[in-house]
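These notes concern the structure reproduced below.
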Amino acid sequence: VSIMKVTVIGAGVMGPGIAQVFLMGGHQVVMTDISAEALEKGKQTIEQTLAQMLEKGIVSDPVESYTERLTLQPELKEAVSEAEIVIEAVPEKIEIKKDVYSQLDAYCLPNAIIASNTSSLPLPEIFPDFRSGNFCVAHFFNPPPIVPLVELVKNDKADPEKIAVLKEALEACGKTVVVVNKFVKGFLINRLQTALS
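If you're matching positions, the sequence shown starts at 389 in our numbering and goes up one per residue.
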């Protein structure tokens with residue numbers, strides 16, 4: 389898989405782990421957040437997790453070999469410029485997402501693949517006009533660098549080629565990808581966990 393520029397929006401609970409997944413896959417990663425403090429903290433989280441994984445023999449390269457491909461960028465416009473894959477991991481509030489998407493629509497490459505890490509909102513249905521065909525849900529599980537599963541949720545409008553590119557990129561990062569054709573609240577795995585508990 390070719391090296392891509394991947395931008396992760398949001399350095400909160402999930403963002404740093406998602407950024408780390410793509411760093412481990414060899415990509416150039418930009419992490420962006422409105423809080424410079426959150427970005428610094430997110431970078432520290434990535435460094436600590438990589439150090440632990442190195443200690444346990446899960447990764448074999450020094451931490452710096454991953455983090456040298458990480459850029460922290462507080463400006464969203466700069467962060468998503470030229471990005472081929474954009475993963476949105478901002479808080480689960482419609483207003484925040486709406487604001488982010490209107491900016492992404494203005495700043496992202498026309499053919500960028502944009503995915504939300506939401507686990508509770510059917511975003512392609514809520515925002516049907518946003519980047520139709522290139523927008524899907526990529527649901528990572530916490531902590532993303534450790535849990536191998538990612539659910540890709542697409543609707544009928546999704547471009548199969550875009551979904552295939554994202555799936556292939558994630559698989560090359562060591563993920564097991566399940567493609568789900570329809571948004572169901574709680575997703576497949578959350579529902580299975582609930583059913584089994």
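Ideal placement from N, C-alpha and C gives every residue a C-beta, glycine not left out.
Query - the segment 395–409 in contact with the segment 540–551 per 3-pair CB rule at 8 Å - result: no
Query raised in the report: What are the complete alpha helix (DSSP H) segments, minimum 4 residues, inside the segment 434–483?
Result: 451–455, 464–468
Report task. Mark G562 as exposed unless 16 or more other C-beta atoms lie within 10 angstroms of its C-beta, in which case mark it buried. Result -> Position 174 of the sequence shown holds residue 562. Burial call: exposed.
Query - Extent of the continuous beta strand (DSSP E) to which A500 belongs - result: Here residue 500 corresponds to residue number 112 of the sequence shown, with the count starting at 1. Run containing A500: none; DSSP gives neither H nor E here.
Report task. Count the CB pairs spanning the segment 492–507 and the segment 407–422 that are closer than 8 Å, and state whether there are at least three. Result -> no
Report task. Say whether chain C places a C-beta atom closer than 8 Å to the C-beta of Y495. Result -> Annotation note: the requested chain C is absent from the structure, which comprises a single protein chain.
Query raised in the report: Once you ignore the five residues that flank P462 on each side, which residues in its own chain have a CB closer than 6 Å to its CB?
Result: Position 74 of the sequence shown, counted from the start, is the residue given in the question as residue 462. Closer than 6 Å at Cβ, skipping near neighbours: A424.
Query raised in the report: Which of helix, strand or coil does DSSP assign to I422?
Result: Mapped onto the sequence shown, residue 422 falls at position 34. Three-state result, I422: coil.
Requested in this report: Check whether the Cβ atoms of V394 and I473 lie closer than 8 Å to each other.
Outcome: Counting from 1 along the sequence shown, the entry for residue 394 is found at position 6. Counting from 1 along the sequence shown, the entry for residue 473 is found at position 85. Contact: yes.
**Report entry** 6 Å Cβ shell around V451 - same chain, five flanking residues per side excluded
**Finding:** The residue you call residue 451 lines up with position 63 of the sequence shown. The answer, listed in chain order, is E435, L438, A439.
Query raised in the report: Between P531 and the rest of its own chain, which residues show a CB-CB distance below 6 Å, the 5 nearest in sequence each way excluded?
Result: Residue 531 sits at position 143 when you count from the first residue of the sequence shown. Once the five neighbours on either side are set aside, the close Cβ partners of P531 are G405.
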